[in-house]
Amino acid sequence: MLEITALHASVGGKDILRGIDLTVNAGEVHAIMGPNGSGKSTLAGLLAGRAEYTVTSGTVRYQGKDLLTMAPEDRARNGVFLAFQYPVEIPGVNNAYLLKAALNEVRKHRGEPELDAMEFMALVKKQLEVLEISPDLLNRPVNDGFSGGEKKRNEIFQMAVLEPKLAILDETDSGLDIDALQIVAKGVNALRRPERSTVVITHYQRMLNYIVPDFVHVLAEGRIVKSGGKALALELEAKGYGWIDGAAAEMGA
Amino acid sequence: MSGTTTTKVLATYDGYQADFDRLQGGADAVRASAALKSLRQDAMQHFHRLGFPTTRMEDWRFTSVAPIASRPYALGGPVHVAADQISRFLIPDLPGARLVFVNGRFSPALSETKAVPTGVDIQTLGDSLAGGLDAVEPYLGRLAVVAEQPFSALNTAFLQDGALIRVDDGVVLEDPVHVLFISTAPGEAAVTHPRVLVVAGENSQVGIVESYAGLRDTEYFTNAVTEIDAGAGSVVDHCKILRESLHARHVGRMQARLARNAVVLSHSITLGAAALVRNDISAVLDGEGAECTLNGLYVAGRNQHIDNHTTIDHASPHCASHEFYKGILDGDGRAVFNGKIIVRLDAQKTDAKQSNKALLLSDQAQVNTKPQLEIFADDVKCSHGASVGQLNEDMLFYLQARGLGRARARRMLIHAFAIDVLNRIRHEPLRTQLDLALLERLPAAAEEPA
Numbered sequence: 003m004l005e006i007t008a009l010h011a012s013v014g015g016k017d018i019l020r021g022i023d024l025t026v027n028a029g030e031v032h033a034i035m036g037p038n039g040s041g042k043s044t045l046a047g048l049l050a051g052r053a054e055y056t057v058t059s060g061t062v063r064y065q066g067k068d069l070l071t072m073a074p075e076d077r078a079r080n081g082v083f084l085a086f087q088y089p090v091e092i093p094g095v096n097n098a099y100l101l102k103a104a105l106n107e108v109r110k111h112r113g114e115p116e117l118d119a120m121e122f123m124a125l126v127k128k129q130l131e132v133l134e135i136s137p138d139l140l141n142r143p144v145n146d147g148f149s150g151g152e153k154k155r156n157e158i159f160q161m162a163v164l165e166p167k168l169a170i171l172d173e174t175d176s177g178l179d180i181d182a183l184q185i186v187a188k189g190v191n192a193l194r195r196p197e198r199s200t201v202v203i204t205h206y207q208r209m210l211n212y213i214v215p216d217f218v219h220v221l222a223e224g225r226i227v228k229s230g231g232k233a234l235a236l237e238l239e240a241k242g243y244g245w246i247d248g249a250a251a252e253m254g255a
Numbered sequence: 016m017s018g019t020t021t022t023k024v025l026a027t028y029d030g031y032q033a034d035f036d037r038l039q040g041g042a043d044a045v046r047a048s049a050a051l052k053s054l055r056q057d058a059m060q061h062f063h064r065l066g067f068p069t070t071r072m073e074d075w076r077f078t079s080v081a082p083i084a085s086r087p088y089a090l091g092g093p094v095h096v097a098a099d100q101i102s103r104f105l106i107p108d109l110p111g112a113r114l115v116f117v118n119g120r121f122s123p124a125l126s127e128t129k130a131v132p133t134g135v136d137i138q139t140l141g142d143s144l145a146g147g148l149d150a151v152e153p154y155l156g157r158l159a160v161v162a163e164q165p166f167s168a169l170n171t172a173f174l175q176d177g178a179l180i181r182v183d184d185g186v187v188l189e190d191p192v193h194v195l196f197i198s199t200a201p202g203e204a205a206v207t208h209p210r211v212l213v214v215a216g217e218n219s220q221v222g223i224v225e226s227y228a229g230l231r232d233t234e235y236f237t238n239a240v241t242e243i244d245a246g247a248g249s250v251v252d253h254c255k256i257l258r259e260s261l262h263a264r265h266v267g268r269m270q271a272r273l274a275r276n277a278v279v280l281s282h283s284i285t286l287g288a289a290a291l292v293r294n295d296i297s298a299v300l301d302g303e304g305a306e307c308t309l310n311g312l313y314v315a316g317r318n319q320h321i322d323n324h325t326t327i328d329h330a331s332p333h334c335a336s337h338e339f340y341k342g343i344l345d346g347d348g349r350a351v352f353n354g355k356i357i358v359r360l361d362a363q364k365t366d367a368k369q370s371n372k373a374l375l376l377s378d379q380a381q382v383n384t385k386p387q388l389e390i391f392a393d394d395v396k397c398s399h400g401a402s403v404g405q406l407n408e409d410m411l412f413y414l415q416a417r418g419l420g421r422a423r424a425r426r427m428l429i430h431a432f433a434i435d436v437l438n439r440i441r442h443e444p445l446r447t448q449l450d451l452a453l454l455e456r457l458p459a460a461a462e463e464p465a
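Order-wise, the sequence lines are chains G and H. If you use this note's numbering, the first sequence closes out at 255, no skipped numbers anywhere. If you use this note's numbering, the second sequence closes out at 465, no skipped numbers anywhere.
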């Protein structure tokens with residue numbers, strides 16, 4: 003599904019990613035954990051096609067294709083979905099209108115017929131219930147005036163409707179209370195499929211109690227310094243991130 | 016060089032004078048009363064005295080009317096226009112009467128004068144003026160002052176036809192009146208001088224949609240004047256829509272006077288491709304408790320210059336004004352926004368808010384924006400803000416990350432920027448029609464600059 007090899011990237015001349023290797027197979031859930039500034043969000047933004055990052059070396063292959071040469075919209079149409087850490091507020095663009103446009107772009111790309119407003123509403127109704135989203139959220143401008151929890155739930159709602167092949171959740175747990183976190187996790191878990199891969203980026207282990215990963219990777223100073231099973235997340239929770247500094251220094255040596 | 020310019024300009028004045036003489040002495044003159052002829056004569060003299068404004072004048076610093084002044088525009092004659100030629104400028108589902116003028120003259124065939132409630136008078140100025148000036152005397156030319164405004168003087172000198180909308184005290188006209196001025200631009204550079212007079216009695220309510228449109232891409236000049244007299248406690252909702260064609264030049268003045276507790280809403284929507292637009296929108300708050308809202312939206316693309324000059328004169332205490340303008344500039348489009356707010360000495364407790372936001376889509380586009388506050392009272396609340404910005408990259412990326420192509424994402428954001436001006440328009444069918452016109456106008460603006 004996703005194959006990252008020796009990826010180096012910089013932003014504004016500063017090296018952020020310094021040799022990432024990561025393979026995500028279909029159906030797997032990978033958690034990427036790490037302290038602030040370790041490069042987690044850079045990796046997420048880079049995979050979605052954010053323009054401000056420069057890849058200095060390395061490759062990213064998605065379904066066998068070179069992901070890095072694809073425009074952000076082509077990545078999305080091909081099934082890459084980024085749930086934003088900070089969903090952008092867009093006054094003047096109706097939430098339902100955007101989602102319908104997005105869904106029809108994806109459907110067009112898959113060679114499926116576009117949905118009209120009625121068909122779209124029928125489709126989203128169930129997802130709204132799963133995520134306990136009030137239907138009037140659909141008729142508000144995208145993220146504009148949403149609470150932190152509403153924004154994150156709206157991201158997962160979009161993901162549910164767009165049915166991506168590779169979902170990247172960037173700090174989706176940040177700013178959520180425990181109830182909201184459980185709702186979001188329920189939404190994500192409902193989307194788990196053998197053919198769908200998920201990359202969960204988080205600072206805290208908390209979310210991984212609800213979205214249980216197959217693999218956990220620790221990112222520090224732009225490199226994956228340790229990989230393991232779900233137990234690794236608990237270890238991090240117990241020990242904090244302090245001990246990995248040594249590991250990062252060791253790798254750099 | 017200046018010699019040539021002077022000669023050209025003289026030819027312009029001569030051209031107008033010759034047309035004026037024909038108007039005063041020609042076949043139509045039979046219909047004109049002596050009083051009307053004298054009103055025109057007076058205005059023509061003021062026009063000659065004032066002359067065309069130049070960029071040396073503060074109010075015209077950024078807008079040169081040289082393209083208008085440097086050549087004579089001839090009075091357009093009656094031309095037959097078929098209903099399907101104007102259909103795209105109509106507002107489907109908007110109930111109410113419709114007055115259509117072609118090249119400045121009323122077209123009964125294209126108009127629809129429905130039965131109006133008692134106490135409402137909708138007629139052409141042509142008909143009204145034929146009976147003398149008595150009916151309009153207390154209002155016509157009282158607000159657009161020929162002694163100070165050269166274009167108002169020129170308009171009045173050629174006063175021949177237009178729309179008169181009068182609502183008696185206490186009468187509510189539910190359905191807005193649509194007044195549509197069509198220029199056929201027959202090839203020769205032609206001029207029209209549209210005129211609208213709105214008289215709202217005490218505690219009356221009336222809505223007017225005033226549109227201007229060109230049928231062909233040839234050169235013409237529209238010189239429009241609208242006067243609105245809003246009586247005590249009245250509510251007047253006015254929307255001016257410009258959809259003039261390429262090579263058109265439009266100079267328009269909307270001048271309103273608000274009596275005690277009157278409410279005037281003005282929406283000025285400039286969507287056409289016209290090369291030069293100058294809108295002067297002016298309101299005098301002439302009685303306590305009056306409230307005035309000026310909303311505006313303009314789209315200036317390649318080879319376009321759009322100038323909005325607004326003036327709100329707080330002449331009485333306890334009045335409020337809200338001003339909200341937005342502009343979209345593309346290509347080498349130019350725009351000017353000048354928002355003058357005068358607060359007179361005894362206009363205490365004035366509450367005035369002004370905002371102008373411009374969205375620049377290219378490096379060549381340019382906007383000159385200036386608030387101009389002249390405050391003489393001491394117990395007032397006045398705020399103003401201007402911003403000039405570009406499309407937000409974070410928003411663009413968000414939309415792209417959801418699968419929308421960059422051009423479509425840009426279009427969506429440009430539309431989103433503009434829509435909150437249209438959302439302030441009360442009549443839904445009008446809002447819908449303007450949204451369609453806006454969307455039609457955007458594709459060129461959505462292209463990414465190279």
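Glycine is no exception: its CB is placed at the ideal position from the N, C-alpha and C atoms. Given the structure is predicted, the values throughout are model-derived calculations rather than measurements.
| Under 9 Å between the Cβ atoms of G/A85 and G/Y55? | no
| field | C-beta neighbour in chain B for G/A104, strict 9 Å | value | The displayed structure is made up of protein chains G and H, and chain B is not among them.
| Can at least three beta-carbon pairs, one atom from the region 66-77 of chain H and one from the region 143-156 of chain H, be found at a separation below 8 Å? | Touching, no.
| query | When the Cα atoms are used, what is the spatial distance from H/Q32 to H/G346? | reply | H/Q32 and H/G346: Cα-Cα distance of roughly 38 Å.
| Could you give the C-beta distance for H/I284 and H/T325, rounded to a whole number, given that I count them as a contact under 8 Å? | H/I284 to H/T325, Cβ: 14 Å. No contact.
| said: Taking 6 Å as the limit between beta carbons, can you name the residues of its chain near H/V24, skipping five residues before and five after? | reply: A84
| task | Below 8 Å on the Cβ atoms is my guess for G/V201 versus G/I34; work out the distance and round it to an integer in Å. | result | 6 Å
| query | Below 9 Å between beta carbons: does that hold for H/G111 and H/D183? | reply | no
| Is H/I83 close to chain G, meaning its C-beta is less than 9 Å from at least one C-beta of that chain? | no
| task | Would you please verify whether the beta carbon of H/D345 is less than 9 Å from any beta carbon of chain G? | result | no
| field | Spatial neighbours of G/V90 in its chain, beta-carbon cut-off 7 Å, leaving aside the 5 residues before and after | value | N145, listed in sequence order.
| field | Bridge partners - H/E338, DSSP secondary structure assignment | value | H/L309, H/Q369
| Residues of chain H with a CB under 8 Å from the CB of G/I92: which are they? | Against chain H, a Cβ distance below 8 Å from G/I92 picks out M410, Y413, L414, L428, A431.
| query | What are the boundary residues of the alpha helix (DSSP H) that G/V126 is part of? | reply | 119-132
| message | Suppose contacts are defined by Cβ-Cβ distances below 9 Å. Is H/A239 in contact with H/H265 by that definition? | response | yes
| said: Please return the same chain residues whose Cβ sits closer than 7 Å to the Cβ of H/D34, not counting the five positions on each side in sequence. | reply: A89, L90
| Nearest chain G C-beta to H/L109 closer than 9 Å, yes or no? | no
| Can you find a CB in chain G that lies within less than 9 Å of the CB of H/A460? | Summary for H/A460: the model assigns pLDDT 49, below 50, so the residue's position carries little reliability, and this model does not support an answer.
| query | Is the shortest distance between the beta-carbon of H/A424 and the beta-carbons of chain G less than 9 Å? | reply | Contacts with chain G at 9 Å (Cβ-Cβ) include H/A424.
| query | To which residues of the same chain is H/F314 closer than 6 Å at the C-beta, ignoring the five residues directly before and after it? | reply | Inspection of the sequence shows that residue 314 of chain H is occupied by Val rather than by Phe. So the list reads L286, I343, R456, once near-sequence residues are dropped.
| Would DSSP call G/K154 helix, strand or coil? | Here G/K154 sits in helix by DSSP.
| task | Would you decide whether G/I6 is buried or exposed? Buried here means 16 or more other CB atoms lie within 10 Å of its CB. | result | buried
| query | For H/T237, is the classification buried or exposed, using 16 other Cβ atoms within 10 angstroms of its Cβ as the cut-off for buried? | reply | buried
| request: Please list the residues of the region 105-119 of chain G that have a C-beta atom closer than 7 Å to any C-beta atom in chain H, keeping them in chain order. | output: E107, V108
| How would you call G/A73, buried or exposed, if buried means at least 16 neighbouring beta carbons within 10 angstroms? | exposed
| said: Suppose contacts are defined by Cβ-Cβ distances below 9 Å. Is G/T174 in contact with G/E157 by that definition? | reply: yes
| request: Pick out whichever of H/G304, H/S260, H/V250 has its Cα sitting closest to the Cα of H/H333. | output: Shortest Cα-Cα distance from H/H333 to any of H/G304, H/S260, H/V250 involves H/G304.
| field | Coarse secondary structure for H/S226, derived from DSSP in three states | value | Three-state DSSP puts H/S226 in a strand.
| task | Give a yes or no on whether the minimum CB-CB distance between G/R198 and chain H is below 9 Å. | result | no
| Same chain, Cβ closer than 8 Å to H/G18, neighbours up to 5 away in sequence not counted | Residue confidence is low: H/G18 scores 45 on pLDDT, short of 50, so the model does not pin down where it sits. Its coordinate-derived value is still stated next. Nothing meets the Cβ criterion.
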